[in-house]
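Protein chains in written order, with our numbering: chain U, 63 to 353; chain D, 5 to 261.
First the structure, in the form of structure tokens, and then the observations on it.
Right under this line is the structure:
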């Protein structure tokens, strides 16, 4: 799949933003006034910024308002509705913390649950697609949620739990890569099942339907850059969890090492998310004898 | 609403005969012509005369080579368009309600006035049947020529999809799969019409008739089905003592009397 910057930024930043809102919602840290404002500002900037980035992916954004209408059937619509509801609930909670010096605890818990649900709906946009076997597994949702909770803990300054979660996240990410590498073969799709010609023999593409790439190939048969995937996996795998943990745990705590830890985590997050798209193989590639 | 109908009254769709298709791309061209000037946004081309031309098509033809160990390779031309699946994943993923499957005839359509061009339906389709138009920014797909098949302004023989109407080889058939006596149902039953990628669980309506294996035609003990028609009309041995020309005719004519 084409690793469009808009969808990479959308899933990465909004995941982090809702992850931070989750921790703020359950009261870790319990902050008021200006420090609460700073925390909520970061969370909203990430969540809303991510959502806005996703609209750059649209061919016809003037109809985007309709995207809230099909929550009964569509995970993308559910994601839209869930994110707006979460942001509204958390806004009331944030006003209490920033301006009223009060913590509406129940609202916070509801907002935290909604934050996780929003991340889950984001994950299901991808995990639901049978056409992309690498994404079509439960582990995809586990991965998105772990990213959000671990990254959120890091941004919320919950160092002791963040260290554990970042290590768990690293394990989950490697498990996803391991499982994902086998998914296409497990799903059993081949050029023979795609064309139905398998009983006549071995099938190969003799002539493509067109001489230069079309929308389908640009969007779904993205094969560029996979040769670096091993190196990128190592970079992502080390920087999203291990480097931040070393910075936070092994060194005496100071703002610079904390900022570096966040920077490394985000570098790992972006690299891993780029791979999430670039390595995903769509079954339509079979018709083009390419994956 | 992008929920799928439980059942549809009709199941309109195509049968594509892979044994007959010669890969001439006439259906591709006529599809583009009809659908660029009728229903919805035109099917645009980008950089049409440049180094990397790209355009929106609702129907495309791949050409495959099929080879069995020890046999001659076989060429199969393979037209591919929307299969109007009964369990269409492209419809249920749509967040705006632009994609829908019609209850009355099972045609899968896009309402371009609601489509926001997110492209998720194209991701959900295993067959590559949906293409986002690069100029209009909305999703385009085969409409089964919904603006032809019910169009009473057209002569009756033209009330079939443009691709079917134009196919010079008769490789494409249009009809109602819900009716077991229809042309498409009978062709499917008689020729073993197959689904593409059945393991995706999309229950496609369109069926493909498999090409006959080339091994049935050639081979040691098999007679080419066309061979009897190609036998020499005049046999040398029998012609030797027989006069030709006018005398030959006279000979035959006298024999008959």
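A virtual CB, placed ideally from N, CA and C, is assigned to each residue, including glycine.
Item: How many angstroms separate the CA atom of residue 312 (chain U) from the CA atom of residue 224 (chain U)?; Value: 14 Å
Item: Given a cut-off of 7 Å on the beta-carbon distance, is the pair residue 108 (chain U) and residue 138 (chain U) in contact?; Value: no
Item: Between the region 136-161 of chain U and chain D, which residues of the former have CB atoms less than 9 Å from a CB of the latter, in chain order?; Value: 136, 137, 138, 139, 140, 141, 142
Item: So is residue 76 (chain U) buried or exposed if we call it buried at 16+ other beta carbons inside 10 Å?; Value: buried
Item: According to DSSP, is residue 42 (chain U) helix, strand or coil?; Value: What is shown of chain U runs 63 to 353, which leaves residue 42 (chain U) out entirely.
Item: Rounding to the nearest angstrom, what Cα-Cα distance links residue 204 (chain U) and residue 303 (chain U) in this structure?; Value: 16 Å
Item: Counting pairs of Cβ atoms below 8 Å between the region 136-150 of chain D and the region 51-70 of chain D, do you hit three or more?; Value: yes
Item: If distances are taken between C-alpha atoms only, which option among U:255, U:290, U:174, U:320 comes closest to residue 341 (chain U)?; Value: U:290
Item: Please state the DSSP three-state secondary structure of residue 327 (chain U).; Value: helix
Item: Closest to residue 47 (chain D) by C-alpha separation, out of D:35, D:195, D:102, would be which residue?; Value: D:35
Item: To be precise: take each residue of the region 64-78 of chain D, compare its Cβ to all Cβ atoms of chain U, and keep it if any distance is under 9 Å. Which residues remain?; Value: 64, 65, 66, 67, 68, 69, 70, 71, 72, 73, 75, 77, 78
Item: Consult DSSP for residue 208 (chain U) and reduce its assignment to one of helix, strand or coil.; Value: helix
Item: Excluding the 5 residues preceding and the 5 following residue 228 (chain U) in the sequence, name in chain order all residues of the same chain whose CB lies nearer than 6 Å to its CB.; Value: 212, 303, 306, 307
Item: Hey, could you find the ends of the alpha helix (DSSP H) residue 254 (chain U) is sitting in?; Value: 253-257
Item: Considering only their Cβ atoms, is the gap separating residue 181 (chain U) from residue 218 (chain U) smaller than 7 Å?; Value: no
Item: Applying a beta-carbon distance threshold of less than 9 Å, which residues of chain U neighbour residue 80 (chain D)?; Value: 257, 259, 262, 265, 268
Item: Tell me, please, whether the CB atom of residue 277 (chain U) is closer than 7 Å to any CB atom in chain B?; Value: Of the chains in the structure shown, none is chain B; the protein chains are U and D.
Item: What does residue 191 (chain U) touch in chain D if you count any residue whose Cβ is under 9 Å from its own?; Value: 93, 97, 124, 127, 128
Item: Who are the near neighbours of residue 13 (chain D) in its chain, counting only those whose CB is closer than 6 Å to its CB and skipping five residues on each side?; Value: 108
Item: Count the other C-beta atoms from every protein chain shown that fall within 10 angstroms of the C-beta of residue 231 (chain U), then say buried if there are 16 or more, exposed otherwise.; Value: buried
Item: Please decide whether residue 126 (chain U) counts as near chain D, where near means a Cβ-Cβ distance under 7 Å.; Value: yes
Item: Interface residues of chain D around residue 349 (chain U) at Cβ under 7 Å?; Value: 66, 84, 132
Item: Measuring straight from C-alpha to C-alpha, what distance separates residue 116 (chain D) and residue 208 (chain U)?; Value: 37 Å
Item: Along chain U, which residues have their Cβ under 9 Å away from the Cβ of residue 7 (chain D)?; Value: 132, 134, 135
Item: Report the residue ranges of all beta strand (DSSP E) runs contained in full by the region 209-275 of chain U; include only those spanning at least 3 residues, in chain order.; Value: 264-269
Item: On the three-state DSSP scale, how would you describe residue 160 (chain D)?; Value: helix
Item: Return the chain-ordered ranges of every beta strand (DSSP E) run that is complete within the region 53-136 of chain D and spans a minimum of 3 residues.; Value: 63-71, 78-85, 103-105, 112-114
Item: In chain order, what residues of the same chain have a beta carbon less than 7 Å from the beta carbon of residue 214 (chain U), not counting five sequence neighbours either side?; Value: 78, 81, 82, 84, 85
Item: Would a check of beta-carbon distances place residue 270 (chain D) closer than 7 Å to chain U?; Value: What is shown of chain D runs 5 to 261, which leaves residue 270 (chain D) out entirely.
Item: Mapping the DSSP letters down to three states, classify residue 43 (chain D) as helix, strand or coil.; Value: coil
Item: Express the C-alpha separation of residue 255 (chain U) and residue 264 (chain U) in angstroms, rounding to a whole number.; Value: 11 Å
Item: My assumption, with CB atoms under 8 Å, is that residue 337 (chain U) sits in contact with residue 295 (chain U). Please give the rounded CB distance.; Value: 7 Å
Item: Within 7 Å (strictly less), CB to CB, does residue 122 (chain U) reach chain D?; Value: yes
Item: So residue 181 (chain D) is in the alpha helix (DSSP H); what residue range does that whole segment cover?; Value: Taken as a continuous stretch (DSSP letters only), residue 181 (chain D) belongs to no alpha helix (DSSP H), as it is neither H nor E.
Item: Pairing CB atoms from the region 94-102 of chain U with CB atoms from the region 111-126 of chain U, are three or more of them under 8 Å?; Value: no
Item: Under 8 Å by Cβ, that's how I've got residue 208 (chain D) and residue 87 (chain D) pegged, so tell me the actual separation to the nearest angstrom.; Value: 3 Å
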